[in-house]
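The sequence shown: position 23 = 23 (UniProt numbering), numbered continuously.
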Amino acid sequence: MQRQKDREGHGETERQRRTWRGKKTEKDMQRQKDREVNGETERQRRTWRSKKTEEDMERQEDREVNGEVKRQRSTWRGKKTEKVMERQKDREGYGEAERQRRI
């Protein structure tokens with residue numbers, strides 16, 4: 001309680017108090033203001049939050065431009081190699097043959 005009174009005594013605004021509770025630093029606040037001033041889009045701000053680099057963004061755009069399919073993109077994310085994908089396909093094919101034989 002004493003701490004709250006101290007803060008109110010210093011005339012801090014509700015917004016600053018909320019910020020304090022959320023452990024956002026002044027630097028964070030400044031960064032957000034800078035981003036807003038620079039007119040960055042919501043998407044870029046979200047990206048900033050999740051620590052994606054510009055390079056990652058470029059890579060994703062390249063993939064989209066090259067028309068890679070969604071499955072390949074998720075493979076990229078999961079770091080599965082094409083070889084692993086092939087092996088998985090072979091296994092699935094083998095499973096099919098087994099099923100046919102059983103019937």
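Note that beta-carbon positions come from the ideal geometry of N, C-alpha and C, so glycine has one too.
Quick check: what's the CA-CA separation for glutamate 26 versus glutamate 36? 15 Å
Using a Cβ-based criterion (distance less than 6 Å to any ligand heavy atom), does glutamate 82 qualify as near the ligand MN? Judged by which ligands are present, the structure shown has none, so any question about the ligand MN falls away.
Just the Cα atoms here: how many angstroms apart are methionine 57 and lysine 89? 30 Å
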